[in-house]
C-alpha cells in the first residue's frame with residue numbers, strides 16, 4: 002500500500018460531503034478530470050474500493066464511509082493546528098474551542114458567544130459539533146478546551162461538572178390530545194406513533210429500556226439522528242417524541258411540551274482539561290454558556 006497524499010484525502014472528503022465528483026472539484030478549485038484522477042489514485046494506492054461506480058451516480062461504499070470518518074477526524078485536527086498557529090502568530094487573541102453534541106441549541110450558543118464577545122473581545126471562540134465520544138477524546142487530547150457531552154467522563158486529566166440535568170419530556174404537535182395534559186405516562190405511549198432517536202444514542206437507549214420495563218410497545222414510525230429532526234417531524238404531526246427539554250428549546254413555537262413519567266434523567270456534562278491554556282477565558286466561556294442556558298424558554 003502506498004501512502005496517500007493530503008490532496009487525495011481532501012478530494013475524497015470533498016466527494017463524500019458534496020455527493021459528486023464535479024462538486025468536489027469545485028470545492029478544491031480543480032477540474033473534474035483532476036478530481037477523478039485523485040480519487041482513482043487514492044483507491045489504487047490503498048488497495049480498497051471506496052466508491053461504487055456501478056450506477057449512474059457514484060456512491061460511497063460502507064468501507065468508504067469508515068475511511069471518510071477517519072479522514073474527517075484527522076483533517077479536523079489539521080484545521081485546529083492551523084487555527085492555533087494563527088492564534089499564536091497574532092498573540093493578542095485567545096483561541097477557545099468548544100465541542101457540543103449534535104442538536105445542541107443554536108440560540109444558546111449564539112447568546113453565549115455574544116456574552117463572551119462583549120466581555121472579552123480578544124477571545125476567538127469556535128464550536129465543534131460531534132458525538133460525545135469524539136468530544137471526550139478531543140478534551141483528553143487537548144484538541145478541545147471545553148466539551149458539553151451527554152455522558153460522564155471520569156478521568157484524572159479532566160474537570161467535570163453538570164451543565165444541565167432536567168429529566169426528559171414528551172413533545173407533541175400543539176393540537177395533539179396529549180398537549181392538553183399535565184403529565185403523560187409511559188403506558189400512554191402504547192401503540193402511539195412514536196418518533197425515536199437512532200439506535201445506540203443515549204436517548205434511544207434510555208427510552209428503549211423504560212419501554213421494555215413498562216412492557217410498552219410504541220409504534221416507532223420514524224428514527225432521527227438529531228433533536229432538530231425529531232422536533233421537525235413531531236411538529237409535522239408524524240408522532241410524539243421523548244427528549245431533553247434543552248434540545249427542544251429552539252423549537253417551542255411549533256411544539257407542546259408535557260411532563261413525562263417515569264422521570265428519565267438526562268445529564269449534560271461540561272468537561273475541560275485540568276490544565277487549560279487560558280483558564281480565565283475558559284471560565285468566562287463556561288459562565289456565558291450557563292447564563293445563556295438559564296435564559297432559554299422551557300429549560301429552567
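In the numbering used here, the protein residues as written are 2 to 301.
Glycine included, each C-beta is placed from N, C-alpha and C at the ideal position.
Query                                                                                                                                                                                          : Result
Would you call the CB atoms of residue 186 and residue 235 closer than 8 Å?                                                                                                                    : no
Which residues in the same chain have their Cβ closer than 6 Å to the Cβ of residue 168, if we skip the five residues on either side of it in sequence?                                        : 264, 265 and 266
Of the choices 23, 46, 9 and 228, whose alpha-carbon is the least far from that of residue 3?                                                                                                  : 46
Comparing alpha-carbon positions, which option in 70, 228 and 21 lies nearest residue 57?                                                                                                      : 21
Identify, in the order they occur along the chain, each residue of the same chain with its Cβ nearer than 7 Å to the Cβ of residue 8, setting aside the five sequence neighbours on each side. : 39
I need the DSSP call for residue 1, collapsed to helix, strand or coil.                                                                                                                        : Residue 1 is absent from the structure shown; the chain starts at 2 and stops at 301.
Rounded to a whole number of angstroms, what is the C-alpha to C-alpha distance between residue 115 and residue 289?                                                                           : 9 Å
Helix, strand or coil for residue 10, going by three-state DSSP, please let me know.                                                                                                           : helix
Could you compute how far the alpha carbon of residue 1 sits from the alpha carbon of residue 25?                                                                                              : Since the first residue of the chain shown is 2 and the last is 301, residue 1 is not available in this structure.
Tell me which residue opens and which closes the alpha helix (DSSP H) that residue 205 is part of.                                                                                             : 203–215
Use the C-beta contact count for residue 146: other C-beta atoms within 10 angstroms, 16 or more gives buried, fewer gives exposed.                                                            : buried
Classify residue 131 as buried or exposed, calling it buried when 16 or more other Cβ atoms lie within 10 Å of its own Cβ.                                                                     : buried
Between the stretch 155–175 and the stretch 124–143, do three or more beta carbon pairs fall short of 8 Å?                                                                                     : yes
Given residue 136, which residues of its chain have a CB within under 6 Å of its CB, disregarding the five upstream and five downstream residues?                                              : 100, 148 and 150
Rounded to a whole number of angstroms, what is the C-alpha to C-alpha distance between residue 55 and residue 112?                                                                            : 48 Å
Which runs of the alpha helix (DSSP H) spanning at least 4 residues fall entirely within the stretch 10–65, listed in chain order?                                                             : 22–29 and 33–47
Using the DSSP secondary-structure output, state which residues sit across from residue 271 in a beta bridge.                                                                                  : 149 and 162
Since residue 97 contacts residue 256 with CB under 8 Å, what's their CB separation in whole angstroms?                                                                                        : Contact flag wrong, Cβ pair sits at about 33 Å.
Which first and last residues belong to the alpha helix (DSSP H) in which residue 113 is found?                                                                                                : 107–120
Run through the DSSP bridge pairs and tell me what residue 194 is partnered with.                                                                                                              : 220
For residue 244, which residues does DSSP report across the bridge?                                                                                                                            : 170
Check the C-beta distance from residue 222 over to residue 194 and give it rounded, since I have them as a contact under 8 Å.                                                                  : 5 Å
Return the first residue and the last residue of the beta strand (DSSP E) that residue 277 is part of.                                                                                         : Taken as a continuous stretch (DSSP letters only), residue 277 belongs to no beta strand (DSSP E), as it is neither H nor E.
Work out the CA separation of residue 248 and residue 105 for me, nearest whole Å.                                                                                                             : 6 Å
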